[in-house]
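Participant: In our numbering, the protein residues as written are 4 to 289.
Yeah, the Cβ is synthetic: ideal placement off N, Cα and C, and Gly gets one too.
In this text the structure is predicted, and so the values were computed from the model without any measurement.
Below is the structure I would like to discuss, written out as structure tokens.
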């Protein structure tokens, strides 16, 4: 049996799930086509959907026909984000012939129970599943990152960069945005590198009964960074066509007091005219 793990969401516990699949004695399938082709395939099939959905579909299709299941890590969605809430249900409704998509959690507290259930589903052998769970136990520990990233670098103005982890931690999408911020003479401080417990605590202060987990994470990261005197402003970034995340960040921006810039990020994008103007307004010399 071949099982793949979807990398597009940039899950925190990817290593846990990959190791678990191997410990079950299953083959871990990898994409047969390079990343550059995923977007083309995804856009061709779902031209009007958010960039992360297109990339996810392209990655799944790049696995070929010999995959028995694809593990899809769940991400904290924002309000009205149907894709984040039910990607594994919605995608097969739109695209026929996909392999079975199995949602798996990306929160340490939920890993053991979900892995035990998944193991029984895939191999049906309690002894094998138990040994696999023991093997990956240390990989499923809660995040204990409490150290802050560098808030200031030389004389450069610093800016917080807020956005979903699937964007900021993505090696292609996030890299282009960070490089562009640096090219404007700004020092970026990335939201997904902040102390996790402090982001969560600040996010719980959001007084919105309709807020989803993703809303609270974005709000918590933004308010945490805004409170740092070393930061001159914030850049709020969302994947192109992701209207739910755009709306969530617009709500966050309305709560901020420091200068803030809202940007959409497309695959391969390296320049943002608004970013250059924003940097100059903060006194950067890019």
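Quick one: Cα of residue 245 to Cα of residue 271, how far?
Facilitator: Straight-line Cα distance between these residues: approximately 16 angstroms.
Participant: Helix or strand or just coil, what does DSSP make of residue 63?
Facilitator: Looking at residue 63 - three-state DSSP - the assignment turns out to be helix.
Participant: For residue 200, which of 8, 40, 145 has the nearest alpha-carbon?
Facilitator: Residue 200 has its Cα closest to that of 145, out of 8, 40, 145.
Participant: Kindly indicate the opening and closing residues of the alpha helix (DSSP H) around residue 198.
Facilitator: From DSSP, residue 198 is part of no alpha helix (DSSP H); its letter is neither H nor E.
Participant: Please classify residue 206: is it buried, with 16 or more other beta-carbons within 10 angstroms of its beta-carbon, or exposed?
Facilitator: Classification of residue 206: buried, given that the 10 Å Cβ count is 16 or more.
Participant: Cα separation between residue 276 and residue 87?
Facilitator: Between residue 276 and residue 87, the C-alpha separation is close to 30 angstroms.
Participant: How about residue 260 and residue 229: do their beta carbons lie closer than 9 angstroms?
Facilitator: Closer than 9 angstroms, so yes.
Participant: Taking its Cβ as the centre, do 16 or more other Cβ atoms sit within 10 Å of residue 52, making it buried, or is it exposed?
Facilitator: Buried.
Participant: Along the chain, where does the alpha helix (DSSP H) containing residue 95 start, and where does it finish?
Facilitator: Element bounds for residue 95: 85–97.
Participant: Closest by CA to residue 174, which one among 204, 58, 13, 120?
Facilitator: The option with the nearest alpha carbon to residue 174 is 13.
Participant: Between 79, 185, 210, which has its C-alpha nearest residue 274's C-alpha?
Facilitator: When each option's Cα is compared against that of residue 274, the closest is 185.
Participant: Hey, residue 74 and residue 142: beta-carbon distance below 9 angstroms or not?
Facilitator: No, they are not a contact pair.
Participant: Roughly how many angstroms lie between the CA atoms of residue 56 and residue 267, to the nearest whole one?
Facilitator: Approximately 15 angstroms between the Cα atoms of the pair.
Participant: With a floor of 4 residues, list each alpha helix (DSSP H) that falls wholly inside the region 228–277, ordered by position along the chain.
Facilitator: Within the region 228–277, the complete alpha helix (DSSP H) runs of at least 4 residues are 246–258.
Participant: Do you know how far the Cα of residue 282 is from the Cα of residue 182?
Facilitator: When rounded, the distance between both Cα atoms is 13 angstroms.
Participant: Candidates 148, 251, 192, 264: which alpha carbon is nearest residue 79's?
Facilitator: Answer by Cα proximity: 251.
Participant: To which residues does DSSP link residue 120 through a beta bridge?
Facilitator: Paired residue(s): none; residue 120 is not in a bridge.
Participant: Is residue 146 close to chain D, meaning its C-beta is less than 9 angstroms from at least one C-beta of that chain?
Facilitator: Among the chains in the structure shown there is no chain D, since it carries only a single protein chain.
Participant: What is the rounded straight-line gap between the Cα of residue 41 and the Cα of residue 7?
Facilitator: Going by the C-alpha atoms only, they are around 15 angstroms apart.
Participant: Determine the direct distance from the alpha carbon of residue 25 to that of residue 224, and round the result to whole angstroms.
Facilitator: Roughly 35 angstroms separates the two Cα atoms.
Participant: Quick one: what does DSSP say residue 286 is sitting in, helix, strand or coil?
Facilitator: Three-state result, residue 286: coil.
Participant: Taking the runs of the beta strand (DSSP E) that are 3 residues or longer, which of them lie wholly in the region 148–230?
Facilitator: List check, beta strand (DSSP E) in window: 161–165, 190–193.
Participant: Considering only the beta carbon of each residue, do residue 32 and residue 70 sit closer than 9 angstroms?
Facilitator: Yes, the pair counts as a contact, with Cβ atoms nearer than the cut-off.
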